[in-house]
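Visitor:
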Amino acid sequence: MRPGRWILPAKLIDGTAIGRVMRAELTAEIQALKARRVIPGLAVVLVGEHPASKVYVRMKGKACDEAGLYHETITLPKETTEAELLALIERLNVDHKIHGILVQLPLPQQIDTQRVLHRLDPAKDVDGFHPENVGKVSIGEPTGFRPATPYGVQQLLLRSGVETTGRHAVVVGRSNIVGRPMAALLLQDAPGGNATVTVCHSRTRDIGSMTRSADILIVAIGKPEFVTGDMIKPGAVVIDVGVNRVDDPSTKRGYRLVGDVKFAEAQAVASAITPVPGGVGPMTITMLLYNTVQAARQWAHP
Ligand code: NAP
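Here you go:
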C-alpha cells in the first residue's frame, strides 16, 4: 500500500439500490395502514418557478404515486404573499387527508421562510424543520421528524454496515437542513449514532487537519469537488451530500453534476464512498416517504 492510499478502491455506497429496498420495505406498513382506512397523505407546496424545485417536486409526487401514498402538489405564483401562504398552511394543518406538509425551499424573497416553517403543525412537519422537531431530534425523542437528507445518510451508513459507535465523524457544513441535524443524529445514543462528532464550517481553521482525522467524513457545503484525496484519511468512509452543476460542453445539457468531494481522488483513499448522483440524493426522497408514513402512524395512534 502506498502512503495516502487504501488497499482497494473504495466500495460504492449505492443510494439508488438501498433506497429501492427501503421503499419496498415500507410497502407492508402502507398496506397495514390502508387496511385500517388510513392512506398516508403528503402535500407539497411550491411557490414560484424555481427550475430545480420544480424537478424535485415532480420527483416527490412520482415517488408518492409509486409507493401508494396520497399526494397533492399545490403550486402558487411567485408573487404569492406571506399571508396567502400562511393561510394555505393553516388549511393544510387541519386537512384530514394530509398527514405531512412539505414547503419546497427556497421561497421567494417577500416571504419569511422561518415564519412559514414555524406555522406548520409540528405533527405534519415531515421535513423536520419546525423547532419542536429540531428539539426532539436533538434530544433523541423518536416521535420527532428527522430531516430527510441526514436521515438518509444515517440509513446509508447503517445499511452498508458502517459502525458509527466510537468512531470520529466529521461533518463539513452546519446548515439547518443537513449539517446540524446530521451531527445531532450521529450523536444520539441509538443505532447509527454514538459517534464522536466534529462539525466544520466556513470559519473552521485548517479544515484539512479536521477532515484527515475523520473515520467517517460527511460533506455538505455546496462547493464543487472541494474535498480532495489528500484531505481524507486512508480507509475512511466518505459521504458526499453536495450536488453541484459544473459546465461541461461535452455533454448534451452543457453541464454535469458533481459532489463536494473530488470523486476519483477520494475513491483511491477511502474504503467506501457515495457517488454523485446516485448516493445521498435517492435516499432523501425515500426518507420523506418514511416520514410521511411515520406522520400517518402517529396520527392513527396518537
Ligand atoms: P448551505 O445552506 O449553503 O450550507 C452550506 C454550509 O457549508 C454552511 O454551513 C457553510 O458554512 C459551509 N461552507 C461553505 N463553504 C465552506 C468551506 N469552504 N469550508 C467549510 N465549510 C463551508 O447548504 P446545504 O443546504 O447544507 O447544502 C449543501 C450541499 O448539499 C449543496 O450542494 C446542496 O445542493 C446539497 N444537498 C443535497 C441534498 C440531497 O438530497 N442530495 C439535500 C440537501 C442539500 P457557514 O455556515 O459558515 O456559512
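Heads up: the sequence shown is residues 2 to 303, going by the working numbering. Every residue, glycine too, gets a C-beta built ideally from N, C-alpha and C.
Let me make sure I understand the geometry here. Which of G193, V294, E142 and P123 has the alpha-carbon closest to that of G167?
Guide: Considering only alpha carbons, the answer is G193.
Visitor: Looking at T229 and the ligand NAP, is the gap between the Cβ and the nearest heavy atom below 6 Å?
Guide: No.
Visitor: Which residues in the same chain have their Cβ closer than 6 Å to the Cβ of G20, if we skip the five residues on either side of it in sequence?
Guide: Around G20: P283, M284 and T287.
Visitor: So the candidates are D207, T275 and A191; which of them puts its Cα closest to the Cα of V220?
Guide: Nearest option by C-alpha distance: T275.
Visitor: Taking buried to mean at least 16 other C-beta atoms within 10 Å of its own C-beta, is E26 buried or exposed?
Guide: E26 is exposed by the Cβ-count criterion.
Visitor: Rounded to a whole number of angstroms, what is the C-alpha to C-alpha distance between C65 and V127?
Guide: Roughly 14 Å between the two C-alpha positions.
Visitor: Tell me whether the beta-carbon of A273 lies closer than 7 Å to the beta-carbon of V228.
Guide: Taking 7 Å as the Cβ cut-off, A273 and V228 do not qualify as a contacting pair.
Visitor: Measure the C-alpha to C-alpha separation of M2 and A29 and round it to an integer number of angstroms.
Guide: Bear in mind that the predicted position of M2 carries a pLDDT of just 45, short of 50, making it too unreliable to give a figure here.
Visitor: On the DSSP letters alone, give me the boundaries of the beta strand (DSSP E) that A149 sits inside.
Guide: A149 -> not in any beta strand (DSSP E); alpha helix (DSSP H) instead, spanning A149 to R160.
Visitor: Report the start-end ranges of each beta strand (DSSP E) in the stretch 213 to 292 that is 3 residues or longer and not cut off at the edges.
Guide: Whole beta strand (DSSP E) segments, 3+ residues: 217 to 220, 238 to 241, 245 to 248 and 256 to 259.
Visitor: What would DSSP say about A191, mapped onto helix, strand or coil?
Guide: A191 falls in the coil class under three-state DSSP.
Visitor: D241: buried (16+ other C-beta within 10 angstroms of its C-beta) or exposed?
Guide: Counting Cβ neighbours within 10 Å, D241 comes out buried, since at least 16 surround it.
Visitor: Does the ligand NAP have even one heavy atom less than 6 Å from the beta-carbon of S203?
Guide: True, at least one ligand heavy atom lies under 6 Å from that Cβ.
Visitor: Is it buried or exposed, Q115, if we count other Cβ atoms within 10 angstroms and call 16 or more buried?
Guide: Q115 is exposed by the Cβ-count criterion.
Visitor: Might you give, ordered along the chain, the residues of its own chain that have their beta carbon closer than 8 Å to the beta carbon of V117, omitting 5 neighbours on each side?
Guide: E83, L86, L87, I90, V104 and L108.
Visitor: Give the C-beta separation of G255 and D249 to the nearest angstrom, bearing in mind that I take them to be a contact with Cβ-Cβ under 8 Å.
Guide: So it is a contact: roughly 7 Å between Cβ atoms.
Visitor: By the 10 Å Cβ neighbour count, where 16 or more other Cβ atoms means buried, how is K263 classified, buried or exposed?
Guide: K263 is buried by the Cβ-count criterion.
Visitor: Helix, strand or coil, according to DSSP, for I90 in the structure here?
Guide: Correct three-state label for I90: helix.
Visitor: By the three-class DSSP mapping on this structure, what secondary structure does E80 have?
Guide: Coil, per DSSP.
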